[in-house]
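In the working numbering, the protein residues as written are 7 to 202.
#1: Could you check if residue 27 is buried or exposed, using at least 16 other CB atoms within 10 Å of its CB as the buried criterion?
#2: Use the C-beta contact count for residue 112: other C-beta atoms within 10 angstroms, 16 or more gives buried, fewer gives exposed.
#3: Do residue 139 and residue 24 have their beta-carbon atoms positioned less than 9 Å apart in this structure?
#4: Assign residue 117 to one of three DSSP states: helix, strand, or coil.
#5: From the DSSP output, in three-state form, read off residue 46 for me.
#6: Pull up the distance between the alpha-carbon of residue 200 and that of residue 157, whole angstroms please.
#7: Between residue 39 and residue 118, what straight-line distance do the alpha-carbon atoms span, to the nearest angstrom?
#8: For residue 97, list the residues DSSP reports as bridge partners.
#9: May I ask you to report which of helix, strand or coil DSSP gives residue 86?
#10: Can you tell me whether residue 195 is buried or exposed? The criterion is at least 16 other CB atoms within 10 Å of its CB, across all chains shown.
#11: Apart from the five residues just before and just after residue 2, which ones in its own chain have a Cβ nearer than 6 Å to its Cβ?
#12: Are the beta-carbon atoms of residue 80 and residue 103 separated by less than 9 Å?
#13: What's the C-alpha gap between residue 46 and residue 76?
#14: Please report how far the alpha carbon of residue 1 lies from the alpha carbon of residue 50, in whole angstroms.
#15: Does the beta-carbon of residue 172 have 16 or more other beta-carbons within 10 angstroms, so that it is buried, or is it exposed?
#16: Can you give the Cα-Cα distance for residue 153 and residue 37, rounded to whole angstroms?
#17: So, under 8 Å CB-CB, residue 92 and residue 85 are touching, yes? Tell me the CB distance rounded to an integer number of Å.
#18: Measure the alpha-carbon distance for residue 184 versus residue 150 and round it to whole angstroms.
#19: Looking at residue 107: is its Cβ nearer than 9 Å to the Cβ of residue 122?
#20: Kindly list the residues whose CB is nearer than 7 Å to the CB of residue 160, restricted to its own chain and excluding five residues on each side of it in sequence; keep chain order.
#21: Within the continuous alpha helix (DSSP H) that includes residue 61, where are the two ends?
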């Protein structure tokens, strides 16, 4: 198992599972890129530029998409342009369930659609199509969720390293202001901090 970043409480996060875009998701953008280059060669510049640009953007977008499950959270990354780049770190306590589905082609080539629901499924969900190891990462996420539900003591925030309640609430306010948390999620997380 691979190990990544150290968090503020000095525990090392261990990667449990990862998923990226499957090679099959590159076929259409690669075809568009080649077709665009052919149009450019034959001096049909408008079609060539549009198709080539679409192909390049889609290839780079697929390349930047990943789901990484650690022992502490699920990190979902997508986007390569600075103004479209997203990275969500969803604490394991906030995940309600994960699920996946496969199309006929997904069954043949080994890819699927991944999705998770957060906070009992009432507030938000994340999904991504054409992902590798979809069934495996879904199983790992659901296993982690079952473990948390069996042992609710792990569902608390560690206040070591002199992090005050006010600092934690300020972080929640920043997440709310950035649009990462909605009003319900903000209130739920704030109440969880206060009750700790």
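C-beta: ideal position from N, C-alpha, C; glycine also.
The structure says:
#1: buried
#2: buried
#3: yes
#4: coil
#5: helix
#6: 20 Å
#7: 24 Å
#8: 79
#9: coil
#10: buried
#11: Coverage of the chain is limited to positions 7 through 202, which leaves residue 2 absent and any answer about it impossible.
#12: no
#13: 45 Å
#14: In the structure as shown, the chain starts at 7 and stops at 202, and residue 1 therefore has no counterpart that could be examined.
#15: exposed
#16: 44 Å
#17: 5 Å
#18: 28 Å
#19: no
#20: At residue 160, the pLDDT of 45 sits below 50, so the modelled position is not reliable and the matter cannot be decided from this model.
#21: 51–69
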